[in-house]
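One structure is given below, encoded as structure tokens.
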Amino acid sequence: MDDAGGVCLPDGALLFQSVDIIAPPCDDPYLYGRIAAANALSDLYARGAAPLCALHVLALPPSKVPADVAARIVQGGLDALAEAGAVSLGGHTLKEANVFYGLAVTGHARPDRVVSMRGARPGDVLILTKPIGTGIVIEQFKGGGLSEAEARPVFEGMARLNASAARHMVRWGAHAATDVTGFGLGGHAWHLAVASRVDLVLHWADVPVYEPAARLWAQGLWTGASRTNAKYYGAHVVWDPPEAAERWERALFEPQTSGGLLIALSPAAAEDFCAALEADGFSARVIGTVRPMAQAMARVIVRQ
């Protein structure tokens with residue numbers, strides 16, 4: 032299933048909608064709001080849609096969260112929406128045992144600018160627009176294994192919008208895309224492969240990784256959700272060499288919050304896309320290729 036659902040309006044334009052709500056990854060309420068908004072907007076960006084408007088969803092424990100803290104969370108979301116060129120149409124507050132915040136987002140696109148997961152072609156290259164590693168960083172920060180100073184650059188990366196990547200992927204004719212979030216890089220890559228009826232080859236040495244996450248994975252640490260994803264998607268992944276799985280499976284299947292876009296582009300367009308994104312102050316990395324599906328079910332081949 033694509034990241035955001037769409038309907039065709041009478042004038043031929045397409046309207047897309049999605050919703051995403053997350054728990055606080057960090058202690059800074061404003062940064063939390065920005066990360067939650069960036070995470071929700073990524074579903075639109077993965078379709079090539081321009082954000083139009085949003086509704087806020089905020090869950091708070093009764094009498095336990097000061098009003099100014101709640102206001103800072105929402106302000107972070109508002110500022111991210113403003114950066115995206117979208118407007119807030121209000122929202123809804125819930126009484127819950129734990130804090131959650133997110134957005135129901137709406138975007139629009141012309142039919143000729145829409146990107147889906149179904150168009151990857153053999154010969155395409157795969158580009159990832161943000162490092163992976165947010166899951167282990169969030170878990171270790173909450174558990175005291177990382178300091179705020181160590182985790183802060185990762186949180187700031189999570190707060191960055193995928194707007195520039197979306198704009199340039201449409202400009203350079205992306206064949207397919209998805210955002211990398213809860214299923215991890217491996218899970219989302221497999222979904223794209225299935226939708227496009229191709230195999231994907233990932234070159235692990237080229238995958239960008241947040242530095243604190245690399246250190247934590249080197250210690251053999253997993254997140255619980257990584258194990259769940261590995262159990263579900265592991266049968267669809269081929270490791271080359273097989274022993275690489277023991278070291279890197281925990282990273283391949285780690286859920287990401289506000290991760291980057293995984294984009295299938297022609298090799299001729301890839302260099303221009305990466306250069307355009309870097310000119311905007313963002314990074315992009317070619318991490319693999321698309322090849323014809325060799326068996327009855329699509330696979331992700333990970334080469335060290």
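The sequence shown lines up with residues 32 to 335 when you count with our numbering.
The beta-carbon is built from N, C-alpha and C at its ideal position, and this holds for glycine as well.
A quick note: this is a predicted structure, and the numbers were derived from the prediction, not measured.
- [ ] Sort out for me which residues DSSP pairs Ala81 with in a bridge.
- [x] DSSP output for Ala81 lists His139 as bridge partner(s).
TODO: Would you please state the rounded distance, in angstroms, between the beta carbons of Val331 and His267? I believe it to be under 8 Å.
DONE: With 8 Å as the limit, Val331 and His267 qualify as a contact, their Cβ atoms being about 6 Å apart.
Task: Alpha-carbon spacing of His123 relative to Ala102, whole angstroms - done: The alpha-carbon atoms of His123 and Ala102 are separated by roughly 13 Å.
TODO: Only counting runs of 4 or more residues, tell me where the alpha helix (DSSP H) segments fall wholly within the region 119-197, in order along the chain.
DONE: For the region 119-197, whole alpha helix (DSSP H) runs of length 4 or above, ordered along the chain, are 165-173 and 179-189.
Open item on the list: Between which residues of its own chain and Ser195 is the CB-CB distance below 7 Å, once the five residues before and five after are set aside?
Closed with: The answer, listed in chain order, is Leu308, Asp311 and Phe313.
Open item on the list: Could you tell me which whole beta strand (DSSP E) segments of length 3 or greater appear in the region 249-320?
Closed with: Counting whole runs of 3 or more residues, the region 249-320 contains the beta strand (DSSP E) stretches 268-271 and 292-296.
Task: CA nearest to the CA of Arg334, picked from Thr288, Pro273 and Leu296 - done: Minimum Cα distance to Arg334 is reached at Pro273.
Task: Pro19 versus Val229 - alpha carbon distance - done: Residue coverage of the chain in this structure runs from 32 to 335, which leaves residue 19 outside it and unanswerable.
Task: Segment contact flag, the region 195-206 with the region 243-257, C-beta cutoff 8 Å, min 3 pairs - done: Remark: fewer than three beta-carbon pairs, one from each stretch, lie closer than 8 Å, so the region 195-206 and the region 243-257 are not flagged as touching.
- [ ] Taking Arg334 as part of the alpha helix (DSSP H), name the residues at either end of that continuous run.
- [x] Bounds of any alpha helix (DSSP H) do not take in Arg334; it lies within the beta strand (DSSP E) bounded by Val331 to Arg334.
TODO: Would you grab the beta carbon distance between Ala69 and Ala190 for me? Rounded to a whole angstrom, and I think it's under 8 Å.
DONE: So it is a contact: roughly 6 Å between Cβ atoms.
Open item on the list: Helix, strand or coil for Ser94? Go by DSSP, reduced to three states.
Closed with: In this structure, Ser94 counts as coil in the three-state DSSP scheme.
TODO: Let me know the secondary structure DSSP gives Asp58 once reduced to three states.
DONE: Assignment of Asp58 by DSSP, reduced to helix, strand and coil, places it in the coil class.
- [ ] State whether the region 111-120 contacts the region 181-189, with contact taken as three or more CB pairs (one from each stretch) at a distance under 8 Å.
- [x] Not touching, per the Cβ criterion.
Open item on the list: Given this structure, state the Cα-to-Cα distance separating Val136 from Leu283, to the nearest angstrom.
Closed with: One C-alpha to the other measures close to 28 Å.
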